[in-house]
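Peer 1:
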């Protein structure tokens, strides 16, 4: 019997929906939520499964090089069985194939488990009301009946019925295909047959909140949602392969093809000389085994896995594998200021009330004036507020010279009204959830365990919301005001939500007893009539925007007209605070009005200014210096005042105090060609709306730059998708923004981006180093085997497999575990889309391989003429020389200048492999199985001497390469892709 159809939630009134789901206005209890979670299951569209175990195992046998080995095993088995011999080569090849598959299976299984763990890290978080308290939970914990809050930039986590909404607009393209924003209204009750696209009183999982706010009741989760029904019809998307992996697949095919051509030519020469067919087949088998770098797939998998794991440990979550490679080629990082270059913990430091300037340090607080209950006065001493250290010094107070026609000072209640306005015209809130380990939580945090939130806190409570607004709440708490009590006393009756384009917000609040209006102290304002109306309008926003809407202000005597001269005086005050690196907000009040009239009104009273400072992260200057030495340009894009942006930029070493600043308004006036010229010489952009970030990225890309772009808002998503590397903020970023990004910063720290770039370079250098090492060695083996027509086949497939196992196996994997070279971030970025054999890598592989082959052939000829066991000597020399090559490849610096313990994994693996090789020669049973002849001390010394000569050559090449690089560093150049040039530097970058 099928489950009954759910109610048509859009056809029910909000209260009826609450009743149908047995939900309360204060949310579900924890017990109710647990029962419903057990019934409905986690809020996921599909189980968190990766590839199955059998799929991973079968994938190990899909590599073309491994298939070549299996073919070789089959031919070798046929030859041995035809000659009635033990199929040693087939047994060994089978063991190698099984071992390689087992290693690959273990590594990829581990990677799949790590991927599932990373998905948990990237889970969206949702504000939910449980047990009467608002808290932040993972989206998968939502159940029908939960109350959730919606805000601009959120991705809706479940299907829900709106209970309240304020200018709520949702983009439902992911569900309906329509890109237009849909206005949502909670009060609507629609017919039961209304299609999904027209249900304006509901929101749906996977859609994007574009503007406004709302309160919603969850009605369906997981596969029961509208998006879940669609997901059931979709096939799983194929796994993404990175460009590097595709290039390596192509390399494997080229190696196999080249080997077949070379072996074919050698067989023709042998046949022309009349050599037996069986001997030629053995040569072909040996050559086929020699060309296969068995360790290549494992090294690539391990290197990429280790790279992503190291990035997570350094707080960078990679969402798309190609980002690992692209990071190594980044030439420009476009970054936000707030929370990325700074600590994202705004602290109110300065207040401007009337003509009084109040200095407020990060630890100081204001105290209530005992003479005026409920009011605050400048100059009063601070008192202890729980959760903050006491500051015995009085608040610094300075009366500024007033503008012409104004009365100096401020009214007694003006400061209280200013701080109360900051609390009421504010969407931030304190969560009742406690941080793990805080005293208020009554527990201790385990070592290494992250806190629940990195944002501002008070007595263990977490501040939810924008840090700029949180600073206003924190200021009120430090001043001795009870923010929650103020909000309960003056609830909202209307609001105009903040938007990046509008740059201000407004609310209307109830003020029946006129407590808020007491600070105006001016009957001309009509306080009695307002008290009768019982409401007051409050506004908060950018000073230049809000001042244009004000026609009055509060001076030392009360409300006074605001003329042009006084307006300029206030603008100068705002500019002075901004020039000192503070973020400035203006606050105003006015007559109550309908919500639709907020945006059209210019009848406001300026209450004052609030200056906040977001301290620069202490590690940022060093990170910027590393970027400069690495040839990476850093560009700061912010919505702050240009003077604030310039001050912060100069303080962290991004630019000098006279650096040009390009404004968003100026960007709009520039053509694409003009902008391409301007961005070449401007590193600071201010008052930039999110949509202009896309133009900046495109202009930089037009100049040949490989751009990494940070973002946190929903409007940043187009710029993140356009950039080569989109970087989302993990703490303050919206879910839509995170889904558009290639990488998520778990700590929102700029230094993490630099660390991720370093890891990206490390991955590319490690892979290129291994490819050089293994292919150069394989070329030496292949050339030696191709000389078989001269003396006969020097090596059997079994012996070559052993060499590849002990050299391409553990030592090659150990190369990926080595530390990064200190010079890695002192070089220009690696060009994007560069072939593996670029930058002289192909020439180095051929050169080293030929030198290796020449030494081996020379040993072969000398040993054969002297009657020594030359096949065993060639076998030993190839193995020992390649182990020496692995040691040399572990660092780009000379071995004599490098500590032996720099990479203990590499040293240990080389010593272990060398011991295994010597055991192969000395243990009779092993020697017989591998068809080896015991070597005298003299023969072994000759083998080691030839190996030493090869290592000496490698070290000489390294010294020449370092010398050339030193010469290049002395005359630095910018490295670009072919056929790409940077536009000429321009000083035409807007505001000075």
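Residue numbers (our numbering): 14 to 1005. Ideal Cβ positions, reconstructed from N, Cα and C, are used throughout, including at glycine. Nothing here was measured: the structure is a model prediction, and the numbers come from that model.
How many Å lie between residue 677 and residue 224 at the Cα?
Peer 2: Distance between the alpha carbons of residue 677 and residue 224 is about 21 Å.
Peer 1: Can you tell me whether residue 650 is helix, strand or coil according to DSSP?
Peer 2: Of the three classes helix, strand and coil, the one that applies to residue 650 here is strand, per DSSP.
Peer 1: What does a CB cutoff of less than 8 Å around residue 893 pick up in its chain, not counting 5 residues either side in sequence?
Peer 2: Within the same chain, residue 893 has close Cβ partners 927, 930, 956, 957, 960.
Peer 1: Can you tell me whether DSSP reads residue 41 as helix, strand or coil?
Peer 2: Here residue 41 sits in strand by DSSP.
Peer 1: Please tell me whether residue 229 and residue 150 are closer than 9 Å, where the distance is taken between their beta carbons.
Peer 2: Their beta carbons are not under 9 Å apart, which means residue 229 does not touch residue 150 by this criterion.
Peer 1: Give the secondary structure of residue 146 by DSSP, where H, G and I count as helix, E and B as strand, and everything else as coil.
Peer 2: Note: residue 146 maps to strand in three-state DSSP.
Peer 1: Quick one: what's residue 410 bridged to in DSSP?
Peer 2: According to DSSP, which records beta bridges pairwise, residue 410 is partnered with 371.
Peer 1: Does the distance from the C-beta atom of residue 653 to that of residue 353 stay below 9 Å?
Peer 2: Their beta carbons are not under 9 Å apart, which means residue 653 does not touch residue 353 by this criterion.
Peer 1: DSSP puts residue 636 in a beta bridge; with which residues?
Peer 2: BP columns for residue 636 are empty, so no partner.
Peer 1: Quick check on the DSSP output: the beta strand (DSSP E) that includes residue 365 runs from which residue to which?
Peer 2: Unbroken beta strand (DSSP E) run through residue 365: 360-366.
Peer 1: State buried or exposed for residue 765, treating a residue as buried only when at least 16 other CB atoms are found within 10 Å of its CB.
Peer 2: By the neighbour-count rule (16 or more Cβ atoms within 10 Å), residue 765 is buried.
Peer 1: Do the CB positions of residue 23 and residue 326 come within less than 9 Å of each other?
Peer 2: No, they are not a contact pair.
Peer 1: Report the start-end ranges of each alpha helix (DSSP H) in the stretch 720-765 that is 4 residues or longer and not cut off at the edges.
Peer 2: With a minimum length of 4 residues, the continuous alpha helix (DSSP H) runs that stay inside the stretch 720-765 are 730-735, 748-753.
Peer 1: Taking its Cβ as the centre, do 16 or more other Cβ atoms sit within 10 Å of residue 585, making it buried, or is it exposed?
Peer 2: Classification for residue 585: exposed.
Peer 1: Among the candidates 922, 952, 632, 905, whose CA atom is the shortest distance from the CA of residue 886?
Peer 2: Checking every option, the nearest Cα to that of residue 886 belongs to 952.
Peer 1: Distance check for residue 200 and residue 26, CA to CA, integer angstroms please.
Peer 2: Their Cα atoms are separated by approximately 7 Å.
Peer 1: Note the first and the last residue of the continuous alpha helix (DSSP H) segment covering residue 862.
Peer 2: Run containing residue 862: 854-879, per the alpha helix (DSSP H) assignment.
Peer 1: Give a yes or no on whether the C-beta atoms belonging to residue 34 and residue 145 are separated by under 9 Å.
Peer 2: Taking 9 Å as the Cβ cut-off, residue 34 and residue 145 do not qualify as a contacting pair.
Peer 1: To the nearest angstrom, how far is the alpha carbon of residue 995 from that of residue 372?
Peer 2: Note that residue 995 has pLDDT 33, beneath the 50 cutoff, so the model's placement of it is unreliable and no number is given.
Peer 1: At what residues does the alpha helix (DSSP H) containing residue 526 begin and finish?
Peer 2: No alpha helix (DSSP H) contains residue 526, which DSSP labels as neither H nor E.
Peer 1: Once DSSP output is grouped into helix, strand and coil, what is the label at residue 686?
Peer 2: Helix at residue 686.
Peer 1: Among residues of its own chain, excluding the 5 on either side of residue 658, which ones have a beta-carbon nearer than 8 Å to its beta-carbon?
Peer 2: Cβ neighbours of residue 658 beyond the five flanking positions: 350, 649, 651, 674, 697, 698, 699.
Peer 1: How big is the Cα-Cα spacing for residue 160 and residue 598?
Peer 2: For residue 160 and residue 598, the distance between alpha carbons rounds to 32 Å.
Peer 1: Taking the alpha-carbon positions, what's the residue 719 to residue 342 distance?
Peer 2: Roughly 7 Å separates the two Cα atoms.
Peer 1: Note down the Cα distance separating residue 633 from residue 665, rounded to an integer number of angstroms.
Peer 2: Going from the Cα of residue 633 to the Cα of residue 665 covers about 7 Å.
Peer 1: Between residue 367 and residue 554, what straight-line distance do the alpha-carbon atoms span, to the nearest angstrom?
Peer 2: Taking the straight line joining both Cα atoms gives about 18 Å.
Peer 1: State buried or exposed for residue 879, treating a residue as buried only when at least 16 other CB atoms are found within 10 Å of its CB.
Peer 2: So residue 879 ends up on the exposed side.
Peer 1: Check whether the stretch 85-94 touches the stretch 44-52, taking contact to mean three or more Cβ pairs, one atom from each stretch, closer than 8 Å.
Peer 2: No, the stretch 85-94 is not in contact with the stretch 44-52.
Peer 1: Could you have a look at residue 106 and say whether DSSP puts it in helix, strand or coil?
Peer 2: Correct three-state label for residue 106: helix.
Peer 1: Of the residues 767, 143, 768, 854, which one's Cα is nearest the Cα of residue 785?
Peer 2: Closest by alpha carbon: 854.
Peer 1: Who are the near neighbours of residue 997 in its chain, counting only those whose CB is closer than 8 Å to its CB and skipping five residues on each side?
Peer 2: In this predicted model, residue 997 has a pLDDT of only 33, less than 50, meaning its place in the structure is not dependable enough to derive any value.
Peer 1: Could you pull the start and end residues of the alpha helix (DSSP H) that residue 32 belongs to?
Peer 2: Here the alpha helix (DSSP H) through residue 32 covers 27-33.
Peer 1: Which value, in whole angstroms, describes the spacing of the CA atoms of residue 31 and residue 38?
Peer 2: The straight-line gap from Cα to Cα measures roughly 8 Å.
Peer 1: Work out the CA separation of residue 703 and residue 672 for me, nearest whole Å.
Peer 2: Rounded to the nearest angstrom, the two C-alpha atoms are 22 Å apart.
Peer 1: In its own chain, which residues sit with a C-beta less than 8 Å from the C-beta of residue 6, not counting the 5 before and 5 after it?
Peer 2: In the structure displayed, the chain extends from 14 to 1005; residue 6 sits before or after that span and is not available.
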